[in-house]
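What the sequence shown shows, in our numbering, is residues 2 to 173, in sequence order.
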Amino acid sequence: DRCTAVIIISSLAPLTVPELWQSLTQRARMLFFSARHLPCLTRAAVNIFMKISRGNLEKLFGLLNIPLPDADRRILMQPAVAGVLKKDVAEATRQGSRAVVDELRAQTFTWELDLNKIGVPVQLYHGSADTIVPPAMADYLAEHIPNATLHWVENGGHFIALELVGKVLRGL
(Lines of atoms letter the chains of each structure in order from A and count residues from 1; the text may use other names and numbers.)
(Lines give C-alpha, C1' and ligand atoms only; values in the text may rest on other atoms or scores of the structure.)
Protein backbone atom coordinates (compact mmCIF):
# COMPACT_ATOMS: atom_id res chain seq x y z
CA ASP A 1 0.00 0.00 0.00
CA ARG A 2 3.05 2.30 0.18
CA CYS A 3 4.38 1.44 -3.28
CA THR A 4 3.13 3.78 -5.99
CA ALA A 5 5.13 2.64 -9.01
CA VAL A 6 7.60 -0.02 -10.12
CA ILE A 7 10.45 0.11 -12.62
CA ILE A 8 11.91 -3.15 -13.90
CA ILE A 9 15.01 -3.15 -16.10
CA SER A 10 16.36 -6.27 -17.86
CA SER A 11 14.59 -8.65 -15.51
CA LEU A 12 14.19 -12.38 -15.57
CA ALA A 13 10.66 -13.75 -15.53
CA PRO A 14 9.58 -17.03 -13.88
CA LEU A 15 11.88 -19.78 -15.16
CA THR A 16 9.25 -22.37 -14.26
CA VAL A 17 7.32 -21.29 -17.36
CA PRO A 18 8.46 -23.81 -20.02
CA GLU A 19 8.67 -21.37 -22.93
CA LEU A 20 10.72 -18.93 -20.84
CA TRP A 21 13.06 -21.72 -19.74
CA GLN A 22 13.51 -22.64 -23.40
CA SER A 23 14.23 -19.00 -24.33
CA LEU A 24 17.45 -19.16 -22.30
CA THR A 25 20.65 -20.25 -24.00
CA GLN A 26 21.66 -23.84 -23.43
CA ARG A 27 24.57 -22.65 -21.28
CA ALA A 28 22.24 -20.52 -19.12
CA ARG A 29 19.88 -23.47 -18.66
CA MET A 30 22.84 -25.60 -17.59
CA LEU A 31 23.91 -22.92 -15.09
CA PHE A 32 20.45 -22.58 -13.53
CA PHE A 33 19.94 -26.37 -13.53
CA SER A 34 23.27 -26.98 -11.82
CA ALA A 35 22.61 -24.19 -9.29
CA ARG A 36 19.34 -25.87 -8.35
CA HIS A 37 20.45 -29.50 -8.36
CA LEU A 38 24.23 -29.36 -7.80
CA PRO A 39 24.86 -26.17 -5.80
CA CYS A 40 28.20 -27.32 -4.36
CA LEU A 41 29.56 -28.05 -7.83
CA THR A 42 28.19 -24.75 -9.14
CA ARG A 43 29.83 -22.82 -6.28
CA ALA A 44 33.17 -24.43 -7.11
CA ALA A 45 32.77 -23.55 -10.80
CA VAL A 46 31.83 -19.94 -10.01
CA ASN A 47 34.90 -19.64 -7.75
CA ILE A 48 37.14 -20.92 -10.56
CA PHE A 49 35.62 -18.56 -13.12
CA MET A 50 36.01 -15.62 -10.74
CA LYS A 51 39.70 -16.41 -10.14
CA ILE A 52 40.42 -16.76 -13.84
CA SER A 53 38.57 -13.58 -14.84
CA ARG A 54 39.84 -11.55 -11.85
CA GLY A 55 36.73 -9.38 -11.92
CA ASN A 56 36.98 -8.55 -15.62
CA LEU A 57 33.35 -8.99 -16.69
CA GLU A 58 34.05 -9.10 -20.40
CA LYS A 59 36.60 -11.88 -19.81
CA LEU A 60 34.11 -13.67 -17.55
CA PHE A 61 31.39 -13.52 -20.23
CA GLY A 62 33.93 -14.83 -22.73
CA LEU A 63 34.74 -17.77 -20.45
CA LEU A 64 31.03 -18.47 -20.11
CA ASN A 65 30.65 -18.16 -23.90
CA ILE A 66 28.07 -15.38 -23.59
CA PRO A 67 28.31 -13.13 -26.65
CA LEU A 68 27.76 -9.50 -25.72
CA PRO A 69 26.11 -7.05 -28.11
CA ASP A 70 28.02 -3.92 -29.08
CA ALA A 71 25.89 -1.84 -26.71
CA ASP A 72 27.01 -3.91 -23.71
CA ARG A 73 30.66 -3.87 -24.81
CA ARG A 74 30.50 -0.07 -25.11
CA ILE A 75 29.00 0.26 -21.62
CA LEU A 76 31.46 -2.17 -20.03
CA MET A 77 34.43 -0.36 -21.61
CA GLN A 78 33.57 2.90 -19.83
CA PRO A 79 36.16 3.20 -17.02
CA ALA A 80 33.63 4.41 -14.43
CA VAL A 81 31.21 1.57 -15.22
CA ALA A 82 33.95 -1.05 -15.33
CA GLY A 83 35.22 0.14 -11.95
CA VAL A 84 31.81 0.03 -10.30
CA LEU A 85 30.94 -3.39 -11.72
CA LYS A 86 34.32 -4.81 -10.73
CA LYS A 87 33.71 -3.62 -7.15
CA ASP A 88 30.16 -5.03 -7.22
CA VAL A 89 31.35 -8.44 -8.40
CA ALA A 90 34.18 -8.43 -5.85
CA GLU A 91 31.72 -7.63 -3.06
CA ALA A 92 29.18 -10.21 -4.23
CA THR A 93 31.86 -12.91 -4.12
CA ARG A 94 33.98 -11.58 -1.22
CA GLN A 95 32.90 -14.42 1.05
CA GLY A 96 32.76 -16.97 -1.73
CA SER A 97 30.18 -17.88 -4.31
CA ARG A 98 27.38 -19.12 -2.04
CA ALA A 99 25.23 -15.97 -2.40
CA VAL A 100 25.62 -15.90 -6.18
CA VAL A 101 24.61 -19.55 -6.51
CA ASP A 102 21.77 -19.14 -4.01
CA GLU A 103 20.40 -16.29 -6.15
CA LEU A 104 20.65 -18.40 -9.31
CA ARG A 105 19.00 -21.31 -7.51
CA ALA A 106 16.15 -19.14 -6.19
CA GLN A 107 15.29 -18.12 -9.75
CA THR A 108 14.48 -21.76 -10.60
CA PHE A 109 11.59 -22.07 -8.15
CA THR A 110 7.98 -20.97 -8.59
CA TRP A 111 7.51 -17.33 -7.74
CA GLU A 112 5.30 -16.67 -4.74
CA LEU A 113 4.35 -13.31 -6.21
CA ASP A 114 1.19 -13.37 -8.32
CA LEU A 115 2.01 -10.96 -11.14
CA ASN A 116 -1.70 -10.39 -11.82
CA LYS A 117 -2.10 -8.84 -8.36
CA ILE A 118 0.39 -6.04 -8.92
CA GLY A 119 -1.85 -2.99 -8.71
CA VAL A 120 0.56 -0.12 -9.35
CA PRO A 121 1.86 1.09 -12.70
CA VAL A 122 4.92 -0.88 -13.83
CA GLN A 123 7.44 0.44 -16.34
CA LEU A 124 9.46 -2.36 -17.98
CA TYR A 125 12.68 -1.57 -19.85
CA HIS A 126 14.49 -4.23 -21.84
CA GLY A 127 17.20 -4.20 -24.48
CA SER A 128 16.17 -5.76 -27.78
CA ALA A 129 19.66 -7.27 -28.13
CA ASP A 130 19.98 -8.61 -24.55
CA THR A 131 21.93 -11.88 -24.70
CA ILE A 132 21.79 -12.54 -20.95
CA VAL A 133 18.06 -12.19 -20.25
CA PRO A 134 16.09 -13.04 -23.40
CA PRO A 135 13.56 -10.45 -24.61
CA ALA A 136 10.85 -13.13 -24.19
CA MET A 137 11.13 -12.47 -20.44
CA ALA A 138 10.06 -8.84 -20.89
CA ASP A 139 7.19 -9.85 -23.15
CA TYR A 140 5.95 -12.30 -20.51
CA LEU A 141 6.12 -9.75 -17.69
CA ALA A 142 4.31 -7.13 -19.79
CA GLU A 143 1.60 -9.63 -20.63
CA HIS A 144 1.05 -10.81 -17.04
CA ILE A 145 1.38 -7.58 -15.05
CA PRO A 146 -1.68 -5.31 -15.17
CA ASN A 147 -0.83 -1.67 -15.87
CA ALA A 148 2.58 -2.63 -17.29
CA THR A 149 4.17 -0.63 -20.06
CA LEU A 150 7.05 -2.21 -21.95
CA HIS A 151 9.75 0.09 -23.32
CA TRP A 152 12.15 -1.54 -25.78
CA VAL A 153 15.64 -0.11 -25.97
CA GLU A 154 16.54 -0.79 -29.61
CA ASN A 155 19.86 -2.63 -29.92
CA GLY A 156 20.23 -2.33 -26.14
CA GLY A 157 21.93 -5.09 -24.23
CA HIS A 158 21.62 -6.37 -20.69
CA PHE A 159 23.46 -3.49 -19.06
CA ILE A 160 21.09 -0.74 -20.22
CA ALA A 161 20.23 0.01 -16.59
CA LEU A 162 23.66 1.57 -16.15
CA GLU A 163 22.72 4.23 -18.69
CA LEU A 164 18.98 4.47 -18.08
CA VAL A 165 18.60 4.53 -14.33
CA GLY A 166 19.07 8.28 -13.87
CA LYS A 167 16.74 9.16 -16.75
CA VAL A 168 14.11 6.66 -15.62
CA LEU A 169 14.17 7.80 -11.99
CA ARG A 170 13.93 11.47 -12.98
CA GLY A 171 10.80 10.61 -14.94
CA LEU A 172 8.93 9.42 -11.83
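Glycine included, every Cβ here is placed at the ideal spot set by N, Cα and C.
1) Find out if the Cβ-Cβ distance for the pair glycine 128, glycine 157 is shorter than 7 Å.
2) Is proline 40 closer than 7 Å to threonine 132 when the C-beta atoms are compared?
3) Below 8 Å on the Cβ atoms is my contact criterion, and I expect alanine 143 with leucine 125 to pass it. Report the Cβ-Cβ distance as a whole number of Å.
4) Quick one: grab the DSSP three-state call for glycine 167.
5) For the putative contact between alanine 107 and serine 24, defined by C-beta atoms under 8 Å, what is the C-beta separation to the nearest angstrom?
6) Use the C-beta contact count for histidine 159: other C-beta atoms within 10 angstroms, 16 or more gives buried, fewer gives exposed.
7) Going straight from the alpha carbon of valine 121 to that of valine 154, what length do you get?
The answer reads as follows:
1) Within the sequence shown, numbered from 1, the residue matching residue 128 stands at position 127. Within the sequence shown, numbered from 1, the residue matching residue 157 stands at position 156. Result yes, Cβ atoms of glycine 128 and glycine 157 sit closer than 7 Å.
2) Position 131 of the sequence shown, counting from 1, holds the residue named residue 132. Position 39 of the sequence shown, counting from 1, holds the residue named residue 40. Their beta carbons are not under 7 Å apart, which means threonine 132 does not touch proline 40 by this criterion.
3) For the purposes of this step, residue 143 is taken as the residue at position 142 of the sequence shown. For the purposes of this step, residue 125 is taken as the residue at position 124 of the sequence shown. Contact flag correct, Cβ pair sits at about 6 Å.
4) One-based indexing of the sequence shown puts residue 167 at position 166. It is helical.
5) For the purposes of this step, residue 107 is taken as the residue at position 106 of the sequence shown. For the purposes of this step, residue 24 is taken as the residue at position 23 of the sequence shown. Not quite, the Cβ-Cβ distance comes to about 19 Å (not below 8 Å), so this is no contact.
6) The residue labelled residue 159 in the question sits at position 158 within the sequence shown. When all chains shown are included, histidine 159 counts as buried.
7) Translated into the one-based positions of the sequence shown, residue 121 becomes position 120. Translated into the one-based positions of the sequence shown, residue 154 becomes position 153. Cα to Cα, the separation comes out at about 22 Å.
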